[in-house]
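To start, the structure itself, in structure tokens.
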Amino acid sequence: MSDFVPKQRPMYETEDYPPNVSYAYRNQWVGFPDMEQVDCNQAFNSSVKNNWFPQTVPRIFPHQFKAASANCNEFIRDFGFLRYPKVSEEEENFPLAFIVLFYKDLDQVLFLLRAIYRPHNVYCLSVDTKSSVEFLDAVRSVSKCLPNVFVASKLESIVYAGFSRLMADINCMEDLLQHPIKWKYVVNLPGQQFPLRSNLELVKIFQLYNGANDVEGITGKRMMAMRFMWRHDYVTNNVTGDVRLVSSGIKNRPPPHGIDIVKGSAYGTFSRDFIDFVINHQIAKDFLEWCKTVLSPDEYFWATLHHSKVVNVPGGYTGVPDTKPWLSTYASWGGGGDPCATIRIRSVCIFSPEDLPLLINRKEMFANKFYITHHPAVLHCLDQLLYNVTFSGSTRDLKQYQDLPFALKTSLKL
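Heads up, the sequence shown is in this note's numbering, so the first residue is 18 and it goes up one at a time.
Right under this line is the structure:
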């Protein structure tokens, strides 16, 4: 737990927040410095073309971040981690937690972290132990400069579609429950997501949720039942050492406590009370144990508990899972009818500037996926938009989040 022992908060030399929006731009704290001439207003136009924009950005590598973070005040100033104006009292009274899981592209991860960073929130970083020692050292070095950012006390060697992916989140959640910052909600993210909403907008939306979780729910034919009906075993390639899951051909035992399985996403928005239930309630513990032989258990664990009728789940939903909206994350899946301007990896669109007109009109709070090596101008322009909205203190179209079917009853109105 030593990673989140309270640290002295480094500040700018003047201990001031940016006095105006142009100050941050002059200091190259918004977007990628090498794209400062990009016209993002043009990028949000419906007729945007990818070839109008730079196709690459200079990369910053782990050893460079480690060297830069040797002086924390300079690191925070140079990389713009206090680029936003002072948070509102409303935000300060509603701290959020974020989990970021990653194994590569530290420059993209820190671009994401800077976008969501606020001094009163808390951030748990979970790094795949298969990452290089140099990479992990750089992550730890950077986290020591940010008093509310820590590396998870237990890290996992992530196997694709394996139990370790779920445990990476669970480990962070255990740490977060013990953290001195009493956060209200936690959002789990991969390093390749990016926010579509400002921190103030997130706070206002979560207040409307009123303790409810925002978790995807899928039943019926789309559940991919073979993943959990049959036990899956880990098999190691003797030549490469790679580990993968294969079906054992042995039928899995029924879920404990008569729980009905629901499929969903690995990512969601979870209330503090729900996480306390997940970590400490015996039914949740038993179900977690059962998930060890499931393929992609992170796509069943959260959704099943959230929609369970077996036990009173904090912030849960007992209606029909498939009919309610899910607003945590937007991804454009192949076969789902959603557009994608360029490529898909494992059926998921990798966004580019031509997707911006779509992205800025989505109701979801985050979008997945972005690659810093694939049309990075899309990240640059989303970061500009997020910064400008944040600095203005404005909020966009929040009435669409009122009266959501999964939100707990509340008299709160915008």
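Ideal placement from N, C-alpha and C gives every residue a C-beta, glycine not left out. These figures come from a predicted structure and were not determined experimentally.
Helix, strand or coil at V22 according to DSSP, with G and I counted as helix = The predicted model places V22 with a pLDDT of 43, which falls under 50 and marks its position as unreliable; any figure quoted below should be read in that light. DSSP places V22 in coil when its eight states are reduced to three.
Give the C-beta separation of D231 and I116 to the nearest angstrom, bearing in mind that I take them to be a contact with Cβ-Cβ under 8 Å.
-> Cβ-Cβ separation between D231 and I116: approximately 15 Å, too far for a contact (criterion under 8 Å).
Distance between beta carbons of L375 and P356, contact taken as under 8 Å | That pair is a contact at about 6 Å.
Per DSSP, what kind of secondary structure is R239 in: helix, strand or coil?
-> Looking at R239 - three-state DSSP - the assignment turns out to be helix.
Smallest Cα separation from R289: which of E107, V337, P331, T310?
-> Closest in C-alpha terms to R289, from the list E107, V337, P331, T310, comes P331.
Check each candidate in P79, K380, C398, P422 and name the one with the smallest Cα separation from L415.
-> The residue with the shortest Cα to Cα distance from L415 is K380.
Name the one or two DSSP bridge partners that H249 has.
-> Its beta-bridge partners are S264.
Excluding the five sequence neighbours on either side, which residues of its own chain have a C-beta within less than 8 Å of the C-beta of W247, listed in chain order?
-> Hits under 8 Å: S264, S265, G266, I267, K268, N269.
Assign T286 to one of three DSSP states: helix, strand, or coil.
-> Strand.
Member of A424, F423, Q419, F408 whose CA lies at the smallest distance from the CA of V38 = Sorting A424, F423, Q419, F408 by C-alpha distance to the C-alpha of V38 places F408 at the top.
Going by other Cβ atoms of all chains shown within 10 Å of its Cβ, with 16 needed for buried, is A84 buried or exposed?
-> Looking at its Cβ environment, which holds fewer than 16 other Cβ atoms inside 10 Å, A84 is exposed.
Residues of its chain near C308, where Cβ-Cβ distance is below 7 Å and the 5 sequence neighbours each way are ignored = The answer, listed in chain order, is F180, L183, P314, Y317, F318.
For the stretch 70 to 77 against the stretch 86 to 94, are there 3 or more C-beta pairs whose distance is under 8 Å?
-> Result no; under three Cβ-Cβ pairs closer than 8 Å.
Per-residue DSSP class, three states only, for L206 = In this structure, L206 counts as strand in the three-state DSSP scheme.
Cα separation between Q125 and F387?
-> If I take the Cα positions, the gap works out to 9 Å.
Say whether chain C places a C-beta atom closer than 9 Å to the C-beta of P338.
-> This model lacks chain C altogether, as it is built from one protein chain only.
Could you pull the start and end residues of the beta strand (DSSP E) that Y140 belongs to?
-> Where Y140 is concerned, the enclosing beta strand (DSSP E) stretches over 139 to 144.
Note down the Cα distance separating K161 from S170, rounded to an integer number of angstroms.
-> The alpha-carbon atoms of K161 and S170 are separated by roughly 14 Å.
Meets three-Cβ-pair contact criterion under 8 Å: the stretch 42 to 56 and the stretch 393 to 407 = Flag = yes, the stretch 42 to 56 and the stretch 393 to 407 touch.
Specify, as a first and last residue, the run of the alpha helix (DSSP H) that A60 falls within.
-> Residues 57 to 60.
Nearest to F383 by alpha carbon, out of M241, I175, I222?
-> Of the candidates M241, I175, I222, the one whose C-alpha sits nearest the C-alpha of F383 is I222.
Taking C-alpha atoms, which residue in I278, C189, L312 lies nearest to H249?
-> The shortest Cα separation from H249 among I278, C189, L312 belongs to L312.
Report yes if the CB atom of V150 is closer than 9 Å to the CB atom of V159, and no otherwise.
-> No.
What is the DSSP secondary structure of F167, reduced to helix, strand or coil?
-> Reduced to three states, the DSSP call for F167 is strand.
Cβ neighbours of P207 in the same chain (closer than 6 Å, five flanking residues each side left out) = Cβ within range, chain order: L118.
From K201 to A229, what distance separates their C-alpha atoms?
-> The C-alpha of K201 lies about 11 Å from the C-alpha of A229.
Cβ-based neighbour list, Y404, same chain, cut-off 6 Å, excluding 5 preceding and 5 following | Closer than 6 Å at Cβ, skipping near neighbours: V47.
Just how far apart, CA to CA, sit D420 and L225?
-> Each residue's alpha carbon lies about 8 Å from the other.
Alpha helix (DSSP H) segment containing R157, residue limits = Here the alpha helix (DSSP H) through R157 covers 150 to 160.
Kindly indicate which three-state DSSP category P212 falls into: helix, strand or coil?
-> Three-state result, P212: strand.
Determine the extent of the beta strand (DSSP E) in which C366 is found, giving its start and end residues.
-> Residues 365 to 367.
Return the Cβ separation of G234 and V279 in integer angstroms, given the expectation that the two are a contact with Cβ distance under 8 Å.
-> Sure, about 5 Å apart at Cβ, within 8 Å.
Which partner residues of N385 appear in the DSSP bridge assignment?
-> Q210.
For V256, count neighbouring C-beta atoms within 10 Å of its own C-beta (all shown protein chains included) and say buried if the count is 16 or more, exposed if not.
-> In the assembly as shown, V256 is an exposed residue. Its beta-carbon has fewer than 16 other beta-carbons within 10 Å.
Between the Cα of C189 and the Cα atoms of R261, V220, A114, which residue gives the shortest distance?
-> Nearest option by C-alpha distance: A114.
Between which two residues does the beta strand (DSSP E) harbouring L113 extend?
-> It spans 113 to 119 - the beta strand (DSSP E) in which L113 sits, taken as one unbroken run.
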